[in-house]
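J.: Submitted below is the structure of interest, expressed as structure tokens.
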Amino acid sequence: MPPSAPTPRLRLSAFQRLAIATVLATLALIAIGGAVRATDSGLACPTWPGCFSAGDFLPPAGLNVWLEHTHRLAAGVVGLMIAALLVWAVVRHRDRPSVLWPAVGAAVAVNVQAALGALVVLHLLRAELVTAHLGMGMAVVGFLLYLTVNVSLPRPSRAQGAERDLRLARSSLAVAGLIYLQILVGGHVTGVGAGLAYVDFPALGLVTFAPVGSEAEAYNVAHRVLAVLLLAGVLVLLARARRLGASGWLLRLPRIAAWLVALQVLLGIANLASGLSFLSVIPHLAVASWLWAVLVLQTVLAYRLAPAGSGSGADRPSTAGALAGSSR
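So in my numbering, the last spot in the sequence shown is 441, and the numbers never skip.
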């Protein structure tokens, strides 16, 4: 019996590896930022960019101080990685707008995020600035994922873009927009200290309601209602992907999103039960960023790749094959 042919290995270019590493580093940075907020370390370094003075980049020992300082150092590393992506995109991919402009967008967004980080400290954790800082971090993730997919997949052929493919893409975009809004509202819930509003009503927004008498209560209710809508949206997206004959990552990603939403609900309940323990607050934000990343990836892939069965297989490369075929 002849030996079976070896499975082809997925080969990524150096630029692709850097793009993927930058996405992962940015998600890690968001998790560190969540740890800073969950441990009330946001003002442990009261100045910026140094910790206790403008040039103080080696502050004294202390958990809260070094947690905040590590957040800033990690942000600097991510900024350098994005700068490298931008230079590389300008030098090697300037003829590909779908690669160049996301690199520009990520560079602009990360600088705006850094400026917002400074303002957050200087304005003593003003809720609106903290929320904007979080939202800009998610925007950085979005730009980086868009870049990564576009540099990894071949340019779409004219055969792509069938009407039902576009329906799946639009559904993915709508749910991605919903999770982005939910992240902003959730961030603002923390910023205004509304996390434990209605702590005695765990099912509020789902099967029970209560009067709203303050801004904090309004944001808490909105966050819970959006959680229900997001769960429904992800389940509808998964059902639509199946109905449209999606396969591969276009079906796998909605499944992952559904599991992540379920995990988020459990973490939200844990937040209430634990009185906002950092053990549940930190993963709650981290999982939210993963869910955002999954839905952005789903949206970009849905526009780039057609679901199985919607056209000629020769014109519609699989995700793995397309990634392996890109070497520049």
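Quick reminder that beta carbons are idealized off the backbone N, C-alpha and C, glycines included.
(1) Just to confirm, are A399 and A144 a CB contact at a threshold of 7 Å?
(2) Compute the distance between the beta-carbons of L213 and A202, then report whether it is under 7 Å.
(3) Do A157 and T261 have their CB atoms nearer than 7 Å?
(4) Are there three or more Cβ pairs, one per stretch, closer than 8 Å when the segment 177-190 is compared with the segment 147-155?
(5) At the level of alpha carbons, what is the spacing between N224 and L242?
(6) If you count every other CB in all the chains shown that lies within 10 Å of the CB of L193, and 16 or more means buried, which is it?
(7) Quick check on DSSP: helix, strand or coil for G168?
(8) Check H236 in the structure and name its three-state DSSP category.
(9) By DSSP, does A127 sit in helix, in strand, or in coil?
(10) Of all Cβ atoms in chain B, is any one closer than 7 Å to the Cβ of T160?
(11) For S284, is the classification buried or exposed, using 16 other Cβ atoms within 10 angstroms of its Cβ as the cut-off for buried?
(12) Suppose the cutoff is 8 Å on Cβ atoms and the five residues either side in sequence are ignored; what does the same chain contact list for W405 look like?
(13) Please name the residue in A174, L351, H397 and G306 whose C-alpha comes closest to that of A340.
(14) For S154 and A220, what's the separation of their Cα atoms in angstroms?
(15) Hey, out of G163, A188 and G189, whose CA is closest to V178's CA?
(16) Alpha carbons only, please: which of L363, V378 and G326 is nearest the one belonging to G299?
(17) Would DSSP call H182 helix, strand or coil?
(18) Name the residue from I382, R417, A228 and A386 whose alpha carbon lies nearest to the alpha carbon of W362.
(19) By the three-class DSSP mapping on this structure, what secondary structure does S284 have?
(20) Check whether the Cβ atoms of A240 and V305 lie closer than 7 Å to each other.
(21) Below 6 Å CB to CB, which residues in the same chain sit around L389 once its five sequence neighbours on both sides are set aside?
(22) Identify whether Y416 lies in helix, strand or coil by the three-state DSSP scheme.
(23) Three-state secondary structure (DSSP) at V402?
(24) Which residue's Cα is closest to the Cα of Y110: L286, D278 and R124?
(25) Short of 6 Å in beta carbon distance, which residues of its chain neighbour L364, apart from the five on each side in sequence? Order them along the chain.
(26) Is it buried or exposed for F170, if we count other Cβ within 10 angstroms and need 16 for buried?
(27) Which one of S402, Q129, A197 and L344 has the shortest CA to CA distance from N263?
(28) Can you tell me where the alpha helix (DSSP H) holding A354 begins and where it ends?
(29) Mark L343 as exposed unless 16 or more other C-beta atoms lie within 10 angstroms of its C-beta, in which case mark it buried.
(30) How big is the Cα-Cα spacing for L257 and V407?
(31) Mapping DSSP to helix, strand and coil, what is A202?
(32) Assuming V338 and A331 make a contact with CB atoms under 8 Å, what is their CB distance in whole Å?
(33) Who are the near neighbours of H236 in its chain, counting only those whose CB is closer than 8 Å to its CB and skipping five residues on each side?
(34) Among R356, S393 and R368, whose alpha-carbon lies nearest the alpha-carbon of D278?
(35) What's the gap between the Cα of G175 and the Cα of W161?
T.: Once the coordinates are examined:
(1) In the sequence shown, the residue the question calls residue 399 occupies position 286. In the sequence shown, the residue the question calls residue 144 occupies position 31. The answer is yes: Cβ separation under 7 Å.
(2) Residue numbering aside, residue 213 sits at position 100 when the sequence shown is read from its first letter. Residue numbering aside, residue 202 sits at position 89 when the sequence shown is read from its first letter. Yes; because the gap between Cβ atoms is below 7 Å, this pair is in contact.
(3) If you number the sequence shown from 1, residue 157 lands on position 44. If you number the sequence shown from 1, residue 261 lands on position 148. For A157 and T261, no; Cβs fall outside 7 Å.
(4) yes
(5) Counting from 1 along the sequence shown, the entry for residue 224 is found at position 111. Counting from 1 along the sequence shown, the entry for residue 242 is found at position 129. Roughly 15 Å between the two C-alpha positions.
(6) By 1-based counting over the sequence shown, the position of residue 193 is 80. Exposed, because fewer than 16 other Cβ atoms sit within 10 Å of the Cβ of L193.
(7) In the sequence shown, counting from the first residue as 1, residue 168 sits at position 55. The answer is coil: DSSP assigns G168 none of H, G, I, E or B.
(8) Along the sequence shown, one-based indexing puts residue 236 at 123. Coil at H236, not helix or strand.
(9) As a position in the sequence shown, residue 127 is number 14, starting the count at 1. Correct three-state label for A127: helix.
(10) Structure shown: chain B not included; a single protein chain is present.
(11) Residue mapping note: residue 284 aligns to position 171 of the sequence shown, counting from 1. Counting C-beta atoms within 10 angstroms of its own C-beta, S284 has 16 or more neighbours from the protein chains shown and is therefore classed as buried.
(12) As a working mapping, residue 405 is identified with position 292 in the sequence shown. Excluding residues within five positions, the ones whose Cβ falls inside 8 Å are M251, V254, G255, A289, I292, Y293 and I296.
(13) For the purposes of this step, residue 340 is identified with residue 227 of the sequence shown, where counting begins at 1. Selected option, being the one with the closest Cα: H397.
(14) Along the sequence shown, read from residue 1 onward, the residue named residue 154 stands at position 41. Along the sequence shown, read from residue 1 onward, the residue named residue 220 stands at position 107. Cα to Cα, the separation comes out at about 27 Å.
(15) For this step, residue 178 is matched to residue 65 along the sequence shown. Here the closest residue by C-alpha is G163.
(16) Numbered from its first residue, the sequence shown carries residue 299 at position 186. Measuring from the Cα of G299, the nearest candidate turns out to be V378.
(17) Position 69 of the sequence shown, counting from 1, holds the residue named residue 182. Three-state result, H182: helix.
(18) Indexing the sequence shown from 1 puts residue 362 at position 249. For W362, the nearest C-alpha among the options comes from R417.
(19) Stepping through the sequence shown from its first residue, residue 284 is reached at position 171. Residue state, collapsed to three classes: helix.
(20) Stepping through the sequence shown from its first residue, residue 240 is reached at position 127. Stepping through the sequence shown from its first residue, residue 305 is reached at position 192. Yes, these two residues count as a Cβ contact at 7 Å.
(21) Within the sequence shown, residue 389 is the residue found at index 276, counting from 1. Within the same chain, L389 has close Cβ partners G308.
(22) For this step, residue 416 is matched to residue 303 along the sequence shown. Helix.
(23) As a working note, residue 402 is residue 289 in the sequence shown. The sequence given here has Ser at residue 402, not Val. The answer is helix: DSSP assigns S402 an H, G or I state.
(24) Nothing about residue 110 can be read from this structure; the chain reaches only from 114 to 441.
(25) What you label residue 364 is simply residue 251 of the sequence shown in a count that begins at 1. Counting only Cβ-Cβ distances below 6 Å, and skipping sequence neighbours, we find A354.
(26) Stepping through the sequence shown from its first residue, residue 170 is reached at position 57. The residue is exposed, with fewer than 16 neighbouring Cβ atoms inside 10 Å.
(27) If you number the sequence shown from 1, residue 263 lands on position 150. Of S402, Q129, A197 and L344, the residue nearest in Cα terms is Q129.
(28) One-based indexing of the sequence shown puts residue 354 at position 241. Unbroken alpha helix (DSSP H) run through A354: E328 to R356.
(29) Locating residue 343 in the sequence shown gives position 230, counting from the first residue. Flag for L343 reads buried.
(30) Residue mapping note: residue 257 aligns to position 144 of the sequence shown, counting from 1. Residue mapping note: residue 407 aligns to position 294 of the sequence shown, counting from 1. One C-alpha to the other measures close to 13 Å.
(31) The residue you call residue 202 lines up with position 89 of the sequence shown. Three-state result, A202: helix.
(32) If you number the sequence shown from 1, residue 338 lands on position 225. If you number the sequence shown from 1, residue 331 lands on position 218. Not confirmed; about 11 Å, so no contact.
(33) As a working mapping, residue 236 is identified with position 123 in the sequence shown. If we look at H236 and ignore the five residues flanking it on each side, its Cβ neighbours are L242.
(34) Here residue 278 refers to the residue found at position 165 of the sequence shown. When only C-alpha atoms are compared, the closest one is R356.
(35) Looking up residue 175 in the sequence shown gives position 62. Looking up residue 161 in the sequence shown gives position 48. C-alpha separation (whole angstroms): 18 Å.
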